[in-house]
Amino acid sequence: MTRKTLLFLGLGLLALSLSAAGAFPATAAQDVVKIGLSAPLTGDWAEYGNDFKRSVTMVIDRVNRLGGIHGKSVELVISDSRGDPKESVLIAEKLVADPDVIAEIGDFSSSSCMAAAPIYEKADMTQLSPTSSHMDFTKKGRNMFRVVATQGYEGPYNARWAVKDLGKKKIATIYINNDWGVDANKYFTQEARKLGAEIVAEESFVPGEKDFTAILTKLKGLKPDLIYLPTFYADAAAILNQAKRMRFQPVVMANSSLFSQKTIELGGDAVEGIIIPANYFSADPRPAAQEFTREYQAHYGAVPNQFAALAYDAANLMVAALHKAGVEDRSKVKDALESLRGFQGATGSISYANGHDPEKELVRITIKNGEWVLYQP
Amino acid sequence: MDFQILFEQFINGITQGSVYALLALGFTMIFGTLRMVTFAHGEVYMIGAYVGFEVIRLLHPSFFLALAVAMAATALLGVIIEILAFHFLRDAPHATSLLVTIGISILLVNLAQLIWGPETKALPYSLLDRMDYGEIEVGGIYISYLQMAVLGVTVLLMALLYILINKTKLGMVIRATAQDYEAAYAMGVGVNGIFMIAFAIGSMLGGVAGVLIGVYYNLFYPTMGGLYGLKAFSASVVGGLTSLPGAVVAGLIIGIVETFSVEFGASNFRHLFSFLFMILILLFRPGGLFGGRELIQARGD
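Those sequence lines, one after another, are chains A and B. For what it's worth, my numbering labels the leading residue of the first sequence as 1, then goes sequentially. For what it's worth, my numbering labels the leading residue of the second sequence as 1001, then goes sequentially.
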């Protein structure tokens, strides 16, 4: 192929894509309203993206079976962001260019969500992320909402649990030294100090560190009532196994990040009794959580995880907001979300009355006989 | 100051240090003795760990079987790396081989991610209990046999290698080949075979380290060669690069400096302290703790 034919081909493609994008707008179907879903369906985070897809399609199918929203059937526009923020930006541009798209659900990672946020904000289109937990995400504009509880919420929640409910006054923390861990530790210790607890040590480790014996020996000497571990499962399993080997077995509280079968698999006996909060737990007795577990299992024959639950709540929130706001004007969706009251989700009751970070009652769980179970005080 | 805590920190430091020392031996063998620059040794260690993991998980929960299979696998891997990165590039500039080994290290990490997935794996505790490595109690401090085994194996390997390199005919041939392979070839040495054997021995050390350290922490993940590989490389440089005892001593000292910087300072600064300490040593003894002269002489090649 010569360079010239390539050039012509390229020009042709460009013209085609232009015509698709704007020159000849596709005639809007009268009886359909579209909701965008941006999620990593391939790549490292594919599993999470597919959790999103399964839950959101399940909700939208149900809505359509029950007659749609304001007489229109809902079409889900699913796009694969591959976990790449650049890709999320392209998806955002595509979605805001389609006049039938009323709002968007997604993306998975905070980086992707925050990269795409300015585009949604400019188009005044609501961006509702099930999982973005970076504190700055909802500060990107009036259209950004999230379902997951952030560390800014979970940290103080855990501090109240440790100091007020459990009466622990002498606390030590071991946290992973990255953006997430530093924040998680900060929000917890701030609130714990405010409640009158003494933080006897705050120790950090770099990601990849596997020997915690030096930190643990130091903590053992300080005799804390409780140690708090803002970490992920591999680190927590290593910390607690090394602690067990040196006969140091304090009360251990950690973050929702540990809620995984892997914690038990890697931790063995050493993680027994650890207490954490969770966004969603399949044996949570609250009715909304029970209903989600039932619906998801009937649909897919598997027990859902917290990512599926968060996406499920995002879809239901969106549907509730659209029922309220109508399906004509994008800019009304955010007001409708803010005005929702008493929404009961699989991940707790959600309200955006005081900001775009939800306040919710987390479910408290622990490990007993090698299984995650509800925490009973 | 509580004496018991200091003693426990000292034991922690020795254990951490013997992990570095064990890994550093492989670096010293390949860098120091062969004068070959490889950046894939940390990944050879990782593959060794995974091979041991699979042997214990699938075949039989025996330490020695895992060690034997892992050593065979990493020796083979060493030969492959030697052929890919050095054999065909014998006359190319050093940087070329170095780049190829960086490529191989990335390839190995990705391969491990493909085979075992990116997440951390651990041996089931039911299996580890069957392997039953007991422990002894010294003044309220518990020291497991495995902890002692890491140190013991390190010292034993150091001694064996020292004898091999300095006292045997094979060792002499290896040293001659490393110094000037063309001259060695002219003297009738099968240069290619010697390079492969020496590289296989160096890689085998990575395999031993992989199994011991992998089982000790019981965490297996594709990037496990990264941070520890860097520390071990540093230990081997501080030790004097050509000196096997130097690598072990430096590894132990770095481990102890690290644990005490946690005890008396803050854990955020442990790597800061250990690397500062290494820089200080190198400033005062540019050739490392042991065997400085050899290395400075070797700058010519």
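Using N, Cα and C, we set each Cβ at its ideal position, and we do this for glycine too.
Item, Value
"Ordered along the chain, which non-local residues of its own chain (more than five positions away) have a Cβ less than 6 Å from that of P25 (chain A)?", "Summary for P25 (chain A): the model assigns pLDDT 41, below 50, so the residue's position carries little reliability, and this model does not support an answer."
"Would a C-beta distance cut-off of 7 Å place G1239 (chain B) and A1250 (chain B) closer than the cut-off?", "yes"
"Smallest Cα separation from T150 (chain A): which of A:A117, A:W180, A:N50?", "A:W180"
"Quick check: what's the CA-CA separation for P384 (chain A) versus L1283 (chain B)?", "The structure shown does not extend to residue 384 (chain A), since chain A is modelled only from 1 through 377, so no value can be given for it."
"If I measure Cβ to Cβ from G141 (chain A) and keep anything under 7 Å in the same chain, skipping five residues before and after, which residues do I get?", "A117, E121"
"Output needed for K169 (chain A): all residues of its chain with C-beta closer than 8 Å, excluding positions within five of it in sequence on either side, in chain order.", "V163, G196, A197, E198, D225"
"Kindly indicate if chain A contains any beta-carbon less than 7 Å away from that of F1284 (chain B).", "no"
"With DSSP as the reference, please indicate the residues paired to L374 (chain A) in a beta bridge.", "A:I365"
"Mapping the DSSP letters down to three states, classify I171 (chain A) as helix, strand or coil.", "strand"
"Considering only residues of the same chain and omitting the five flanking positions on each side of A21 (chain A), which have a CB-CB separation below 7 Å?", "For A21 (chain A), the pLDDT reaches just 44, beneath the cut-off of 50, and the residue's location in the model is therefore unreliable, leaving the point undetermined."
"When DSSP builds the beta bridges, which residues end up paired with F205 (chain A)?", "A:I176"
"Closest to V206 (chain A) by CA distance: which of B:G1032, B:L1111, B:V1262 is it?", "B:V1262"
"Taking the straight line between their C-alpha atoms, what separation do you get for N369 (chain A) and K1121 (chain B)?", "20 Å"
"Any idea what DSSP makes of A1178 (chain B), helix, strand or coil?", "helix"
"At a Cβ threshold of 7 Å, is G345 (chain A) touching chain B?", "no"
"At a Cβ cut of 7 Å, what residues of the segment 340-371 of chain A count as close to chain B, listed as they run along the chain?", "none"
"With a Cβ-Cβ cutoff of 7 Å, do Y228 (chain A) and K262 (chain A) count as a contact?", "no"
"Grab me the residues of A28 (chain A)'s own chain with a C-beta within less than 7 Å of its C-beta, minus the 5 sequence neighbours each way, in chain order.", "With a pLDDT of 48 at A28 (chain A), under the threshold of 50, the modelled position of that residue is not reliable, and the figure given next carries that caveat. Cβ neighbours of A28 (chain A) beyond the five flanking positions: P99, D100."
"Give the DSSP-derived three-state secondary structure of F343 (chain A) in the structure shown.", "strand"
"Taking the DSSP output, what are the residues bridged to F1220 (chain B)?", "B:K1121"
"Counting only the same chain and skipping the five closest in sequence on each side, list residues whose C-beta sits under 6 Å from that of G1042 (chain B).", "G1225, G1229"
"Given a cut-off of 7 Å, decide if T1096 (chain B) and F1039 (chain B) are closer than it, judged by their beta-carbon atoms.", "no"
"Pair every Cβ in the segment 70-89 of chain A with every Cβ in the segment 335-346 of chain A, then say whether three or more of these pairs are closer than 8 Å.", "no"
"Which chain B residues are close to N50 (chain A), counting only those with a beta carbon under 7 Å from its beta carbon?", "Ordered by position in chain B, no residue passes the 7 Å Cβ test against N50 (chain A), which lies about 16 Å from the chain."
"Go to M114 (chain A), then tell me how far its alpha helix (DSSP H) extends in each direction, as first and last residue.", "110-122"
"Can you tell me where the beta strand (DSSP E) with M144 (chain A) in it begins and where it stops?", "144-146"
"Considering just the uninterrupted stretch of the alpha helix (DSSP H) at D235 (chain A), what are its terminal residues?", "233-245"
"Please confirm if the segment 1010-1029 of chain B is in contact with the segment 1202-1216 of chain B, defined as three or more CB-CB distances below 8 Å between the two stretches.", "yes"
"Please name the residues in the segment 1179-1200 of chain B whose beta-carbon is closer than 8 Å to at least one beta-carbon of chain C, in chain order.", "No chain C appears in this structure, whose protein chains are A and B."
"On the CB-based measure, 16 or more other CB atoms within 10 Å of its CB, does M1071 (chain B) come out buried or exposed?", "buried"
"On the CB-based measure, 16 or more other CB atoms within 10 Å of its CB, does F1064 (chain B) come out buried or exposed?", "exposed"
"I'd like to know whether the C-beta atoms of F1290 (chain B) and S1234 (chain B) end up nearer to each other than 7 Å.", "no"
"When you compare each of B:M1036, B:G1017, B:Y1045, B:S1144 to P1093 (chain B) by their alpha carbons, which one comes out closest?", "B:M1036"
"Using beta carbons (cut-off 7 Å, strictly below), is N1166 (chain B) in contact with chain A?", "no"
"Taking only runs that begin and end inside the segment 1004-1058 of chain B, name each unbroken alpha helix (DSSP H) of 4 or more residues, in chain order.", "1041-1054"
"Provide the residue span of the alpha helix (DSSP H) that contains V1189 (chain B), from first to last.", "Unbroken run through V1189 (chain B): none, as it is neither H nor E."
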